[in-house]
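Step one of this worksheet: look at the structure below.
In the working numbering, the protein residues as written are 192 to 937.
Okay, structure coming up:
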């Protein structure tokens, strides 16, 4: 294998040298500033967006807090939206530690409930996906005293520090143990002491974080006297090894538990411990903890409420537990013949006697009002549309605010409806077509409104929610928009195309600036296609859009299609249609859509159809070019999963079932089993440090292609993760590679 790697890289270097001769787009840009290039997009700040300040709400009403730049650092600015008074709440110099000359770089912050203290997160380090380990400081706003938490613990080793509700203590995680630090004497009390690399208290292992979206694994009780927490036992979970090979003359091994399909899972428990320390009382949750997932947990008054999924994830059991005895009582069970979505946070109303719940039980995702005992469930929203997200409940006025798009699954709008049901009202401006997002104040009177669409960069405004009147504009990205006006404009359009049984798929197309429908144009399809994401969305797509536009400036049609099974708001049956056949139905939909488009769009060059994608899109690219070798000429697959058996339990089993129960589905959904059919040009790209979709999968695919004497081009990015963005010049290098490969091979 070592010999092959050297040969492959040497071959690639020779290829890239040859590719430099093909510089049509770059040469054009040297004389025409209206032409985009890889360098302009990825190697300069020419197209950097202006971001809105990080804005939070005071818990007691319509007062916004924003983190803004000052003369010498950052400052926190308070804006009372009722009185209109704006003031600097925390100036830069308050954030300078004793003995230092520069203020802290604030990466995140939290106010205590009573507003007397500020918790500051800084000096962070990456843990898997995000920077969740760092330093925490507490600023007492009454005396401006700034103190670092954690005592003698090493820098950048604290995780998820959180104020107690009374603001007198902070709980945090350090080396898989929980601690509470008093904010008067700053003494530290360990709540757990048994944490190891295999036994994790207060945070999560790899698979819980990646697939259930869980990071902070503890919750303060409302009275500040107790802490409930997850304990994850990964003993027996098989380790995956990643070789780090460019940090010195000898390689290093990175080891972590990674349960692959059909293998042993971590075991999860929930315990309750006094904030003063002592023994933990573990909840008596029924079922084998290795074959169930504890996806949600929180306090409700003096009880604990939790959600438990079975391993197949087609059953979600909601329980309320007594933290003193550990006894659990089931109040509701949500089931589905395919899988149940893990999208319900606990949103309590009516003095915690009811909660809002999302369910697909009538064929669409709708909001329901559930009694605390679970014996009464009342549907709030109704109709042939999906609620995509619950934003908030205005209890005072009886409104439920939610996101939906009944008429166009590529867009998102804010609606409201009475908690008692009735006709919904559109809150978002109906003339602003695209994607709306909101951060609503606790009293539901104001919001930070963010908007973009396919051709419009994002804006952020502070608004009065009732009439959507703008109070303050954070950013319009005016400079960015002005820059876009100097670029040769490409054409864009959304469309629908019919495939099997009259099913219509949504898509978009980017056309060259001077488009001649009488000519044949090469086509590049951008694909994802799995249940984890949509690509056909009417929102700004950042530098990826600019890169696609650059290709269109070079004569390409760039298109994307959402096949069945993507999480579009088109009903339960649409989303669940891929159950037990991930990769099979989706690749068929994609290919059939291309064939239909070729029938009706004579300007598409059928001999120059290319496809590219990342992660699940990388897998879909492989399925496309392997399964339909006479349709696709070129494929560019980044960080794929060639064999579904090699991916993790929670994600893959949710959509495919257990391998023992669905062996044919796993086989037929895995592109590696069709590699022998490759005819076209194939570029494979992977980061060797990918902890998510492992480089091992790429190696097995390479071996399979070699066994069938299939030629391909491959580049491994040393030590890069799934995002392949670490290290100097990596992103620019990658998109330069993709551009030149496409222009030379399609």
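The C-beta atom is built at its ideal place from N, Cα and C for all residues, glycine as well.
In this structure, residue 303 keeps its C-beta atom at 7 Å or more from the C-beta atom of residue 264. When DSSP reads this structure, residue 866 sits in no beta bridge, so it has no partner. Taking C-beta atoms as the reference points, residue 594 and residue 584 fail to come closer than 7 Å. Within the same chain, 877 come within 6 Å of residue 889 by CB-CB distance, once the 5 residues on both sides are set aside.
Distances from the CA of residue 929 to each of 911, 306 and 904 were compared; the closest alpha carbon is that of 904.
Rounded to the nearest whole angstrom, the C-alpha separation of residue 305 and residue 475 is 35 Å.
According to DSSP, residue pairing for residue 839 in a beta bridge involves 451.
Contact between the segment 382–391 and the segment 417–429 is present: three or more C-beta pairs spanning the two stretches fall below 8 Å. Taking each of 646, 785 and 716 in turn and checking the Cα distance to residue 731, the smallest one comes out for 646. Assigned with DSSP and collapsed to three states, residue 388 falls in coil, not helix or strand.
The segment 549–623 is shown to contain whole beta strand (DSSP E) runs of 3 or more residues at 557–562, 568–570, 578–585, 590–595 and 604–609, in chain order. Judged by DSSP in its simplified three-state form, residue 816 adopts helix.
The shortest C-alpha to C-alpha distance from residue 307 to any of 483, 695, 360 and 384 is the one to 360.
Taking 3 residues as the minimum length, the beta strand (DSSP E) runs contained wholly in the segment 627–689 are 637–644, 647–655, 660–666 and 682–689, in order along the chain. Here DSSP, grouped into helix, strand and coil, assigns residue 930 to helix. Put simply, of 799, 843, 804 and 859 the residue whose alpha carbon is nearest the alpha carbon of residue 935 is 799. Spatial neighbours of residue 564 in its own chain (CB-CB distance under 8 Å, excluding positions within 5 residues in sequence) are listed in chain order as 522.
According to the DSSP assignment, residue 498 belongs to the beta strand (DSSP E) that extends over 494–501. The beta carbons of residue 402 and residue 841 sit closer together than 7 Å.
Where residue 717 is concerned, the enclosing beta strand (DSSP E) starts and stops at 712–717. Secondary structure of residue 226 (DSSP, three-state): coil. By the 16-neighbour rule on beta-carbons within 10 angstroms, residue 825 is buried. Nearest in C-alpha terms to residue 545, of all of 463, 496 and 573, is 496. In chain order, 241 place their CB closer than 8 Å to the CB of residue 670, counting only its own chain and leaving out the 5 sequence neighbours on each side.
In this structure, DSSP gives residue 317 an extended state, which the three-state scheme calls strand.
Here residue 267 is bridged, per DSSP, to 258 and 281. Around the C-beta of residue 451, 16 or more other C-beta atoms lie within 10 Å, and the residue is accordingly described as buried.
Note: residue 336 is bridge-paired with 331 in the DSSP secondary-structure output. Spanning the alpha carbons of residue 712 and residue 617 requires a straight line of approximately 41 Å. Put simply, of 922, 910 and 326 the residue whose alpha carbon is nearest the alpha carbon of residue 436 is 910. Non-local C-beta neighbours of residue 314 in its own chain, meaning closer than 7 Å and more than five positions away in sequence, comprise 325, 326, 346 and 347, ordered along the chain. CA-to-CA, the gap between residue 344 and residue 466 works out to about 20 Å. Considering only 898, 589, 626 and 505, the residue with the shortest C-alpha distance to residue 596 is 626. Contact between residue 785 and residue 810 does not hold, since their C-beta atoms are separated by about 18 Å, which reaches or exceeds 8 Å.
In the same chain as residue 472, and ignoring 5 residues on each side of it, the C-beta atoms closer than 8 Å to its own belong to 462, 463, 464, 514, 515, 516 and 517, in chain order. In this structure, residue 628 sits near residue 641, with a CB-CB distance shorter than 7 Å.
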